[in-house]
Amino acid sequence: MSASVASLFVGQVMHRRLRPVSNRFVYPVYYCLLPLTRIEEVGSRFFSINRRNLFSFHFADHGARDGSHPLPWVRQLLQRQGIAAEGEIWLQCFPRVLGHVFNPVSFWFCHNGNDQLVAVIAEVNNTFGEHHQYLLRHADGRPIRDGETIERDKVFHVSPFMAVAGHYRFRFHSRGSGQGPGCRRLARIEHADAGGDLLHTAISGDAQPLTTGPLLRAFVRVPLLSVGIVLRIHWQALRLWLKRVPFFAKPQPPAEELSP
92 MSASVASLFV GQVMHRRLRP VSNRFVYPVY YCLLPLTRIE EVGSRFFSIN
142 RRNLFSFHFA DHGARDGSHP LPWVRQLLQR QGIAAEGEIW LQCFPRVLGH
192 VFNPVSFWFC HNGNDQLVAV IAEVNNTFGE HHQYLLRHAD GRPIRDGETI
242 ERDKVFHVSP FMAVAGHYRF RFHSRGSGQG PGCRRLARIE HADAGGDLLH
292 TAISGDAQPL TTGPLLRAFV RVPLLSVGIV LRIHWQALRL WLKRVPFFAK
342 PQPPAEELSP
């Protein structure tokens, strides 16, 4: 197997709540960018596909979540929405580390035959084991430009301190090759309601090879990635509760798993 077709991005996550109280935090993370048409080619001494390792990616964590290959699932989803994305589909996600993973949001970057980005699927998970997909695209099918804003209504519960109301603004930036070494990627999500902006979030990273050296350095830097993410979610929730931020009970998830 070869790691050259995939990349490890080392960077950080930022959350900034704007109201009713101010709350900001930044923490280090790393994530993978995986080509789904060539996923079987991905792997290294410490990174495996569908097998336990220090780092791994498992089909059961995404898409249909039944262990089947994610590529047919995403192709069928796009086809049902009338999107021609016959090019590469890149999945940005946190890997399993020592068998554990929690992805608050993963992104599927879907390209057409001319290697133009025509759709992004934002796959959102909450800590209640529920998930939802937001399909980001232009109604006329034109490509999504670097840094362009796409809005979607919020329909899925993520935090008990945020109502399921308002809308998201998504923006994606990349510098360099877009995937390989020398590339820097940034995804921004901003949540707003009738009163204005509520929350700004971002995940950024610089590309490195998915090989032994970068993987081990990432592990030393953040040894228990997903465990740390879940602990930080609960720690920040406690801080908001102590600040008396209003609490919202969890509603039922949407009847449909996809918001087109």
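Going by my numbering, the first residue of the sequence shown is number 92, and it counts up by one from there. Virtual Cβ for every residue (Gly too), placed ideally from N, Cα, C. Every value quoted in this text rests on a predicted model; they were computed, and no experiment measured them.
Can you list, in chain order, the residues of its chain whose CB lies under 8 Å from that of residue i, leaving out five sequence neighbours each side?
i      : result
Gly273 : Gly267, Ala298
Ile212 : Val165, Leu168, Phe198, Trp199, Cys201, Gln224, Tyr225, Leu226, Leu227
Gly257 : Asp244, Lys245, His282, Ala283, Asp284, Ala285, Leu289
Leu306 : Leu99, Ser135, Phe137, Phe138, Leu145, Phe146
Asn203 : Ala175, Ala176, Glu177, Gly178, Val209, Pro234
Pro380 : Nothing about residue 380 can be read from this structure; the chain reaches only from 92 to 351.
Asp206 : Gly178, Glu179
Asp152 : Cys184, Arg187, Val192, Asn194
Report the option in the options whose CA atom is closest to the CA atom of residue i.
i      : options                        : result
Ala328 : Trp199, Glu214, Ser250, Ala340 : Ser250
Val96  : Val133, Pro161, Phe116, His160 : Val133
Gly190 : Leu316, Pro337, Phe339         : Leu316
Thr303 : Arg243, Ser135, Phe193         : Ser135
Phe338 : Val255, Ala151, Glu347         : Val255
Gly173 : Lys341, Ala309, Asp231         : Asp231
Arg234 : Val215, Leu307, Leu208         : Looking at the sequence itself, residue 234 is Pro, so the reference to Arg does not match. Closest option to Pro234, Cα to Cα, is Leu208.
Thr128 : Gly296, Phe116, His160         : His160
Ser350 : Phe150, Gly178, Arg171, Ala151 : Arg171
His106 : Ile280, Pro344, Phe310         : Ile280
Ile180 : Gly154, Gly158, Pro195         : Gly154
Glu242 : Glu348, His229, Ala309, Tyr259 : Tyr259
Thr292 : Arg308, Gln343, Val101, Val196 : Val196
Lys341 : His325, Phe252, Asn141, Leu331 : Phe252
Who are the near neighbours of residue i in its chain, counting only those whose CB is closer than 6 Å to its CB and skipping five residues on each side?
i      : result
Leu290 : Arg108, His282
Ile294 : Val104, Ala278
Asn114 : Arg108
Ser93  : Note that Ser93 has pLDDT 45, beneath the 50 cutoff, so the model's placement of it is unreliable and the number below is only indicative. So the list reads Glu132, once near-sequence residues are dropped.
Val321 : Phe193
Which stretch, first to last residue, makes up the alpha helix (DSSP H) that contains residue i?
i      : result
Phe310 : 303-312
Gln327 : 316-333
Arg262 : Premise fails: Arg262 lies in the beta strand (DSSP E), 258-266, not in any alpha helix (DSSP H).
Arg166 : 161-171
Which partner residues does residue i have in the DSSP bridge list?
i      : result
Cys274 : Per DSSP, none; premise fails for Cys274.
Phe198 : Gln183, Ala213
Asp284 : Gly287
Ser135 : Phe138
Ser147 : Ser139, Arg187
Gln224 : Glu214, Leu349
Arg279 : Arg262, Ala293
For residue i, collect the residues of the same chain with a Cβ closer than 7 Å to its Cβ; drop the 5 residues on either side in sequence, then sort them by chain order.
i      : result
Asn144 : Phe137, Phe138
Val318 : His191
Val112 : Lys334, Val336
Tyr118 : Gln103, Val104, Arg323
Gly238 : Arg262, His264
Val313 : Pro119, Val120, Tyr121, Gly319
Asn217 : His248, Val249
Arg308 : none
Can you tell me where the beta strand (DSSP E) holding residue i begins and where it ends?
i      : result
Val101 : 98-108
Ser139 : 138-140
Pro300 : 287-300
Gln207 : It is not in any beta strand (DSSP E) - Gln207 carries neither H nor E in the DSSP assignment.
Asp244 : 241-244
Asn114 : 114-126
May I ask you to check if the CB of residue i is nearer than 8 Å to at least one heavy atom of the ligand COA?
i      : result
Gly286 : You won't find the ligand COA in this model; it holds no ligand whatsoever.
Verify the CB distance criterion: does residue i have a CB-CB separation below 9 Å to chain C?
i      : result
His282 : The displayed structure is made up of one protein chain only, and chain C is not part of it.
* Would you call the stretch 117-125 and the stretch 184-192 in contact, with 3 or more CB pairs under 8 Å? -> yes
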